[in-house]
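Undergrad: The structure that follows is given in the form of structure tokens.
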Amino acid sequence: MKVMENRNAGTTREIKRQVLFLLIFLSLFCQMPSQPIHYSILEETEKGSLVGNLAKDLGLDMAELSRCKLGASSEKQYFTLNEQNGNLYVNDRIDREEICGKSTSCVLKFEAVVHSPLNVFHIQVFVKDINDNAPHFQKENIELKVSESSLPGALFLLGNAEDKDIGLNSLQNYHLSQTPYFKLEIKENKDGSKYAELVLQKQLDREKEHTLHLVLKAVDGGDPIKSGTTNIHVIVTDVNDNLPVFDQETYKVSLKENTPKGASIIQVRASDSDEGSNAEITYTFSSMLESSLDKFSLDPHNGTVTLMDSIDFEESQSYMGIIQAVDGGGLVTHCKLEIEVLDLNDNPPEVILSSVSSPVPEDSMPGTVIALLKVNDKDSGENGEVTCHLRDLLPFQIVSSSDNYFKLLTDSYLDREKIPEYNITVTATDKGIPPLSTYKTMSLRISDINDNPPAFEKSSYTAYVLENNPSGASIFRVKASDPDEDHNAKIKYSILKSNIEDLPLSSYLSINSETGTIYAQRSFDYEQVREFQIQVQAQDGGSPSLNSSTTVRVSILDRNDNTPQILYPSQGTESSSLFEMVPRSAESGYLVTKVVAVDADSGHNAWLSFHLLQATEPSLFTIGSHTGEIKTARALVERESVKQRLVVMVKDNGQPPLSATVTLNLVFAENFQEALPEMDPQPSDSESQSDLQFYLVLTLALVSFLFLVTVILTIVMKLRQSRNPTFLQCFVPDVKTGAIFPPNYEDGTLPYSYQVCLSSESRRNELTFLQPTVQIAENILCNVNSDISLMLNGENNLGGGTDHVEEQAQPVNTDWRFSQAQRPGTSGSQNGDENGTWGRNSQVEIRNAFKP
Numbered sequence: 119m120k121v122m123e124n125r126n127a128g129t130t131r132e133i134k135r136q137v138l139f140l141l142i143f144l145s146l147f148c149q150m151p152s153q154p155i156h157y158s159i160l161e162e163t164e165k166g167s168l169v170g171n172l173a174k175d176l177g178l179d180m181a182e183l184s185r186c187k188l189g190a191s192s193e194k195q196y197f198t199l200n201e202q203n204g205n206l207y208v209n210d211r212i213d214r215e216e217i218c219g220k221s222t223s224c225v226l227k228f229e230a231v232v233h234s235p236l237n238v239f240h241i242q243v244f245v246k247d248i249n250d251n252a253p254h255f256q257k258e259n260i261e262l263k264v265s266e267s268s269l270p271g272a273l274f275l276l277g278n279a280e281d282k283d284i285g286l287n288s289l290q291n292y293h294l295s296q297t298p299y300f301k302l303e304i305k306e307n308k309d310g311s312k313y314a315e316l317v318l319q320k321q322l323d324r325e326k327e328h329t330l331h332l333v334l335k336a337v338d339g340g341d342p343i344k345s346g347t348t349n350i351h352v353i354v355t356d357v358n359d360n361l362p363v364f365d366q367e368t369y370k371v372s373l374k375e376n377t378p379k380g381a382s383i384i385q386v387r388a389s390d391s392d393e394g395s396n397a398e399i400t401y402t403f404s405s406m407l408e409s410s411l412d413k414f415s416l417d418p419h420n421g422t423v424t425l426m427d428s429i430d431f432e433e434s435q436s437y438m439g440i441i442q443a444v445d446g447g448g449l450v451t452h453c454k455l456e457i458e459v460l461d462l463n464d465n466p467p468e469v470i471l472s473s474v475s476s477p478v479p480e481d482s483m484p485g486t487v488i489a490l491l492k493v494n495d496k497d498s499g500e501n502g503e504v505t506c507h508l509r510d511l512l513p514f515q516i517v518s519s520s521d522n523y524f525k526l527l528t529d530s531y532l533d534r535e536k537i538p539e540y541n542i543t544v545t546a547t548d549k550g551i552p553p554l555s556t557y558k559t560m561s562l563r564i565s566d567i568n569d570n571p572p573a574f575e576k577s578s579y580t581a582y583v584l585e586n587n588p589s590g591a592s593i594f595r596v597k598a599s600d601p602d603e604d605h606n607a608k609i610k611y612s613i614l615k616s617n618i619e620d621l622p623l624s625s626y627l628s629i630n631s632e633t634g635t636i637y638a639q640r641s642f643d644y645e646q647v648r649e650f651q652i653q654v655q656a657q658d659g660g661s662p663s664l665n666s667s668t669t670v671r672v673s674i675l676d677r678n679d680n681t682p683q684i685l686y687p688s689q690g691t692e693s694s695s696l697f698e699m700v701p702r703s704a705e706s707g708y709l710v711t712k713v714v715a716v717d718a719d720s721g722h723n724a725w726l727s728f729h730l731l732q733a734t735e736p737s738l739f740t741i742g743s744h745t746g747e748i749k750t751a752r753a754l755v756e757r758e759s760v761k762q763r764l765v766v767m768v769k770d771n772g773q774p775p776l777s778a779t780v781t782l783n784l785v786f787a788e789n790f791q792e793a794l795p796e797m798d799p800q801p802s803d804s805e806s807q808s809d810l811q812f813y814l815v816l817t818l819a820l821v822s823f824l825f826l827v828t829v830i831l832t833i834v835m836k837l838r839q840s841r842n843p844t845f846l847q848c849f850v851p852d853v854k855t856g857a858i859f860p861p862n863y864e865d866g867t868l869p870y871s872y873q874v875c876l877s878s879e880s881r882r883n884e885l886t887f888l889q890p891t892v893q894i895a896e897n898i899l900c901n902v903n904s905d906i907s908l909m910l911n912g913e914n915n916l917g918g919g920t921d922h923v924e925e926q927a928q929p930v931n932t933d934w935r936f937s938q939a940q941r942p943g944t945s946g947s948q949n950g951d952e953n954g955t956w957g958r959n960s961q962v963e964i965r966n967a968f969k970p
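So for the sequence shown, our numbering puts the first residue at 119; every next one is plus one.
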């Protein structure tokens with residue numbers, strides 16, 4: 119088994135080395151640059167325009183393109199990739215201002231995914247700005263009230279124009295129409311935007327000119343140049359000696375993005391030294407982006423700024439506006455309002471499954487890329503920094519790739535037989551306080567490889583088969599299991615070899631290759647083959663296939679199919695009889711001869727017992743039931759015949775038992791000359807007299823039986839004629855049993871005429887048989903029948919030769935035990951108890967019973 123395990127482990131390592139070599143080979147041909155690929159295009163490029171050949175820039179040959187399975191992955195499909203030639207085309211309208219706003223750098227990022235082997239490469243497309251937006255003012259007409267008392271050098275803020283373009287294409291300058299009263303000064307905000315202020319050059323005179331019409335033009339630096347204009351209406355007002363003055367030139371406030379609606383943000387204050395209506399100040403927004411006007415409101419009386427709508431740091435990080443204070447005399451002063459939005463960790467990370475390889479072979483090497491994930495978080499700073507980890511302890515790991523990309527890798531070897539499928543949950547958590555998390559669950563199925571050989575339930579089996587079995591019968595079944603699946607788990611059985619050498623294995627056994635059932639191809643004989651071994655192999659259907667083997671020991675069980683064979687005395691020919699001489703002076707216990715027999719069977723089927731079936735003088739001889747030794751039971755009487763004939767039966771212990779008989783002729787004589795006349799085959803007078811005696815006994819038994827039947831029939835007829843039969847006067851009732859017995863029953867004897875009696879409960883009309891009498895009658899009938907059978911068989915049954923006897927009942931003798939020296943086999947090796955016979959000879963009982 120250790121050799122088989124080492125062989126399987128070596129096969130598995132060889133397969134893994136081949137897979138690793140294949141991955142290295144593919145990586146050489148599908149090698150990609152590690153740095154991002156850069157392209158640049160102009161915004162508003164027409165759909166279908168060529169961006170570049172991505173396959174060429176990645177170093178892929180056209181022949182390798184279909185094998186590497188190049189594809190593009192992005193959230194919004196601005197671009198499309200032709201998988202046939204690797205060209206990258208514009209797929210949708212690209213508006214730089216919509217995508218990147220005022221950002222100086224606008225980059226569209228997406229990924230090129232190579233699926234064989236799985237890898238990802240980053241593509242960056244820089245979108246260049248074109249001058250597709252003209253500067254424009256929020257108001258087409260600006261009304262400006264200037265007191266005629268305003269001194270030269272007074273400043274009047276006009277606000278700024280907006281241009282969505284950037285760089286040279288954005289707002290570059292302002293131009294004012296010709297006027298001797300004002301000149302234009304251009305200033306720049308912190309964010310780089312420019313705004314215009316009017317500077318009074320010459321004092322106004324309301325009586326000469328009470329209104330002025332000016333045109334303010336904003337131009338960008340594009341090619342061609344685009345511009346926007348607004349009209350300025352200057353109204354000259356009467357003298358208002360003091361301008362309103364703000365507490366601060368610039369008001370700054372910081373707001374958290376979760377500030378509730380209706381909250382007061384800040385209050386601006388302006389003071390005026392005048393009195394009366396000239397000191398009444400009204401606050402209004404002079405300049406503010408259109409997107410901000412609906413988010414904030416300004417109380418015109420107290421200067422309180424209120425938040426009207428929710429603000430989002432991800433939408434806008436700051437808001438800027440200009441507030442003007444106008445007194446009752448029309449004098450105006452301005453201040454700046456800068457609102458900074460503070461980022462909160464209010465956006466959980468977003469996990470996007472870009473690519474996944476499923477199923478994954480269970481022999482994948484550690485470090486194999488399983489899936490590619492992209493993580494986004496709209497927050498900024500630490501609130502937008504995301505880390506990923508696996509929620510459960512699994513044989514995988516997740517590592518950061520680049521630019522919010524993570525790779526899911528195998529961390530150890532996989533085993534489909536243990537876990538065929540994984541539910542992998544990736545947790546993405548940002549670094550905000552408190553941190554926010556997102557869960558992404560993916561299902562990963564493990565594909566099977568043939569890495570498990572079939573396994574038998576046991577390393578060896580034992581099949582027991584009774585001999586004389588029919589050919590083609592099923593004798594045993596082996597079963598192997600394979601934890602693999604599909605064709606890798608399909609098992610075929612075969613017999614490899616056996617220890618049988620005389621005949622081909624196919625003539626003994628066959629096996630069903632699908633079920634593992636073993637069939638016998640022939641009938642086995644225990645006396646020829648008692649045991650043999652075969653080696654059964656189970657082979658799966660994998661490539662390469664794996665196999666294992668087991669040993670099946672076939673043990674043939676014995677049946678009682680062999681009759682005992684009598685070795686001694688040997689039988690003579692039909693025309694002659696064999697005689698043995700016994701001294702006339704032989705006393706009790708003299709060993710006359712010994713019957714020796716064997717049985718080809720084994721176990722209980724070979725346990726032999728010896729029985730004396732017939733004898734001229736049954737009381738003269740005894741036989742050892744286990745040894746077969748025939749001894750004299752007493753000395754020969756003068757009136758008894760000197761020629762004795764014995765019939766001995768040898769019976770085995772099988773079920774059903776088989777037996778054989780042998781006839782012995784004994785002559786009592788002191789020497790051979792004296793025994794020679796007795797060896798005449800003609801029967802002597804004593805034998806004739808003995809036969810006559812036998813027939814007389816048989817006749818008496820038949821007459822008794824017929825008389826008994828007649829009495830029973832007579833009683834039955836009487837019972838039918840009358841329900842109240844009269845009791846036989848000769849019967850005496852028994853108080854205890856209720857039965858009626860004859861008068862002489864007490865001495866224990868019954869004549870044959872008293873075989874039946876009526877019950878004292880005559881109303882039941884039942885017959886009650888006397889148990890002792892019936893017992894005696896049954897024994898007599900049984901013995902008589904036995905004698906009848908022997909008589910009908912004639913002298914042939916008593917002559918020489920070995921005969922088979924019908925099925926016999928097993929003797930009952932709980933005291934019969936065998937020692938180590940008393941094993942079944944040849945009778946000469948058994949030294950059992952001489953008196954331990956299984957039953958008495960029926961002829962002896964009969965003859966003793968009827969002997970006068």
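Backbone N, C-alpha and C define an ideal beta-carbon position, used for all residues, glycine too. From a predicted model like this one, the values you see are computed outputs, not experimental measurements.
Can you grab the Cα-Cα spacing for the pair S673 / A638, in whole Å?
TA: Sequence index remark: in the sequence shown, residue 673 carries index 555 (1-based). Sequence index remark: in the sequence shown, residue 638 carries index 520 (1-based). Rounded to the nearest angstrom, the two C-alpha atoms are 12 Å apart.
Undergrad: Hey, how far is the Cα of L407 from the Cα of M180?
TA: To locate residue 407, count along the sequence shown from 1; it is residue 289. To locate residue 180, count along the sequence shown from 1; it is residue 62. Distance between the alpha carbons of L407 and M180 is about 53 Å.
Undergrad: Grouping DSSP H, G and I as helix and E and B as strand, with all else coil, what is I833?
TA: Your numbering for residue 833 matches position 715 in the sequence shown. Here I833 sits in helix by DSSP.
Undergrad: With H, G and I counted as helix, E and B as strand and the rest as coil, what does DSSP make of G499?
TA: Translated into positions along the sequence shown, residue 499 becomes position 381. Of the three classes helix, strand and coil, the one that applies to G499 here is helix, per DSSP.
Undergrad: According to DSSP, is V815 part of a helix, a strand, or is it coil?
TA: Locating residue 815 in the sequence shown gives position 697, counting from the first residue. V815 falls in the helix class under three-state DSSP.
Undergrad: Which first and last residues belong to the beta strand (DSSP E) in which C453 is found?
TA: The residue given as residue 453 occupies position 335 in the sequence shown. It spans 450-460 - the beta strand (DSSP E) in which C453 sits, taken as one unbroken run.
Undergrad: For the alpha helix (DSSP H) containing D214, name the first residue and the last one.
TA: Against the sequence shown, residue 214 aligns to sequence position 96. Per the sequence shown, residue 214 should be read as Arg rather than Asp. Here the alpha helix (DSSP H) through R214 covers 214-218.
Undergrad: Does N396 come out as helix, strand or coil in the three-state DSSP assignment?
TA: Here residue 396 refers to the residue found at position 278 of the sequence shown. If DSSP states are grouped into helix, strand and coil, N396 belongs with the helices.
Undergrad: Output needed for V647: all residues of its chain with C-beta closer than 7 Å, excluding positions within five of it in sequence on either side, in chain order.
TA: Position 529 of the sequence shown, counted from the first residue, corresponds to residue 647. So the list reads I674, once near-sequence residues are dropped.
Undergrad: How long is the line joining the alpha carbons of S620 and Y626, rounded to whole angstroms?
TA: Along the sequence shown, read from residue 1 onward, the residue named residue 620 stands at position 502. Along the sequence shown, read from residue 1 onward, the residue named residue 626 stands at position 508. The displayed chain sequence assigns Asp, not Ser, to residue 620. So the alpha carbons of these two residues sit roughly 11 Å apart.
Undergrad: Alpha carbon to alpha carbon, how far is Y292 from D392?
TA: The residue labelled residue 292 in the question sits at position 174 within the sequence shown. The residue labelled residue 392 in the question sits at position 274 within the sequence shown. About 35 Å.
Undergrad: Buried or exposed: G866, going by 16 or more other Cβ atoms within 10 Å of its Cβ?
TA: Position 748 of the sequence shown, counted from the start, is the residue given in the question as residue 866. Interpretation of G866 is limited by its pLDDT of 36, a score under 50 that renders its predicted location unreliable; the figure taken from the coordinates is listed afterwards. Result: exposed.
Undergrad: Return the Cβ separation of T329 and I353 in integer angstroms, given the expectation that the two are a contact with Cβ distance under 8 Å.
TA: As a position in the sequence shown, residue 329 is number 211, starting the count at 1. As a position in the sequence shown, residue 353 is number 235, starting the count at 1. Going by Cβ atoms, the distance from T329 to I353 rounds to 6 Å, so yes, they are a contact pair.
Undergrad: Taking 8 Å as the threshold, find out whether the region 577-592 comes into contact with the region 655-665 through three or more Cβ pairs.
TA: No, the region 577-592 is not in contact with the region 655-665.
Undergrad: When the distance is taken between beta carbons, is P467 closer than 7 Å to D521?
TA: Numbered from its first residue, the sequence shown carries residue 521 at position 403. Numbered from its first residue, the sequence shown carries residue 467 at position 349. Cβ atoms of D521 and P467: not closer than 7 Å.
Undergrad: Among D604, S706, I618, D600, whose alpha-carbon lies nearest the alpha-carbon of Q657?
TA: Along the sequence shown, one-based indexing puts residue 657 at 539. Residue D600 is the option with its Cα nearest to Q657.
Undergrad: My output table needs one value for M180: the three-state DSSP class, helix, strand or coil.
TA: Taking the first residue of the sequence shown as position 1, residue 180 is located at position 62. Three-state result, M180: helix.
Undergrad: Could you check what DSSP says for S578 in three-state terms: helix, strand or coil?
TA: Mapped onto the sequence shown, residue 578 falls at position 460. Strand, per DSSP.
Undergrad: What are the boundary residues of the alpha helix (DSSP H) that includes D175?
TA: As a position in the sequence shown, residue 175 is number 57, starting the count at 1. 172-175 is the span of the alpha helix (DSSP H), which, as asked, contains D175.
Undergrad: To the nearest whole angstrom, what separates the beta carbons of F728 and G707, a pair I think is in contact under 8 Å?
TA: Taking the sequence shown and counting its residues from 1, the one referred to as residue 728 is at position 610. Taking the sequence shown and counting its residues from 1, the one referred to as residue 707 is at position 589. Actually they do not touch by this definition, with Cβ atoms about 17 Å apart.
Undergrad: Take Q653 as the anchor and find which of Y644, I613, R640, I636 has the nearest alpha-carbon.
TA: By one-based count along the sequence shown, residue 653 stands at place 535. Considering only alpha carbons, the answer is I613.
Undergrad: Measuring straight from C-alpha to C-alpha, what distance separates Q242 and L334?
TA: Residue numbering aside, residue 242 sits at position 124 when the sequence shown is read from its first letter. Residue numbering aside, residue 334 sits at position 216 when the sequence shown is read from its first letter. Computed Cα separation, rounded: 41 Å.
Undergrad: Check whether the Cβ atoms of V544 and C506 lie closer than 7 Å to each other.
TA: Here the question's residue 544 lines up with position 426 in the sequence shown. Here the question's residue 506 lines up with position 388 in the sequence shown. It is a contact, given that the beta carbons lie within the stated cut-off.
Undergrad: Write down every uninterrupted run of the beta strand (DSSP E) in the region 209-295 whose length is 3 residues or greater and which is fully enclosed by it, in chain order.
TA: You should have 225-233, 236-246, 259-265, 273-277, 289-294.
Undergrad: Can you find the residues in the same chain that come closer than 6 Å, C-beta to C-beta, to K610, ignoring five residues on each side of it along the sequence?
TA: Reading the sequence shown from its first residue, position 492 is the one you call residue 610. So the qualifying residues of the chain are S631, Q657.
Undergrad: Per DSSP, what kind of secondary structure is L888 in: helix, strand or coil?
TA: Along the sequence shown, one-based indexing puts residue 888 at 770. At L888, the pLDDT of 31 sits below 50, so the modelled position is not reliable; the number obtained from the coordinates is stated separately. Looking at L888 - three-state DSSP - the assignment turns out to be coil, as it is neither helix nor strand.
Undergrad: What distance in whole Å lies between the Cβ atoms of F431 and L455, which are believed to be in contact at a cut-off of 8 Å?
TA: For the purposes of this step, residue 455 is taken as residue 337 along the sequence shown, with counting starting at 1. For the purposes of this step, residue 431 is taken as residue 313 along the sequence shown, with counting starting at 1. Actually they do not touch by this definition, with Cβ atoms about 18 Å apart.
Undergrad: Any contact between the region 409-419 and the region 344-351? By contact I mean 3 or more CB pairs, one from each, below 8 Å.
TA: The region 409-419 vs the region 344-351: no contact.
Undergrad: Round the Cβ separation of P298 and Q319 to the nearest angstrom and send it over; I've been treating them as touching at under 8 Å.
TA: Sequence index remark: in the sequence shown, residue 298 carries index 180 (1-based). Sequence index remark: in the sequence shown, residue 319 carries index 201 (1-based). Right, their Cβ atoms sit about 7 Å apart.
Undergrad: To the nearest angstrom, report how far apart S565 and P538 are at their CA atoms.
TA: For this step, residue 565 is matched to residue 447 along the sequence shown. For this step, residue 538 is matched to residue 420 along the sequence shown. Looking at the two C-alpha atoms, the distance is approximately 8 Å.
Undergrad: Which whole-angstrom value describes the C-beta separation of T338 and D283, a residue pair presumed to lie in contact below a C-beta threshold of 8 Å?
TA: The count along the sequence shown starts at 1 and reaches residue 338 at position 220. The count along the sequence shown starts at 1 and reaches residue 283 at position 165. Per the sequence presented here, residue 338 reads as Asp, with Thr not at that position. At roughly 6 Å, the Cβ-Cβ gap stays under 8 Å, so D338 and D283 are in contact.
Undergrad: Thinking C-alpha only, which one of H156, D533, A336, D323 is nearest H254?
TA: Along the sequence shown, one-based indexing puts residue 254 at 136. Ranking the options by Cα distance to H254, first place goes to A336.
Undergrad: Within this structure, are the beta carbons of L462 and E375 separated by less than 7 Å?
TA: Within the sequence shown, residue 462 is the residue found at index 344, counting from 1. Within the sequence shown, residue 375 is the residue found at index 257, counting from 1. Closer than 7 Å, so yes.
Undergrad: Measure from the alpha carbon of V765 to the alpha carbon of each residue in T740, V363, T451, E306, then state which is nearest.
TA: For this step, residue 765 is matched to residue 647 along the sequence shown. Nearest C-alpha to V765: T740.
Undergrad: Using only alpha-carbon positions, find the residue among F514, A190, G340, K263 that is nearest to V238.
TA: Counting from 1 along the sequence shown, the entry for residue 238 is found at position 120. That would be A190, whose Cα lies nearest to the Cα of V238.
Undergrad: Going straight from the alpha carbon of I748 to that of F594, what length do you get?
TA: Residue 748 sits at position 630 when you count from the first residue of the sequence shown. Residue 594 sits at position 476 when you count from the first residue of the sequence shown. If I take the Cα positions, the gap works out to 48 Å.
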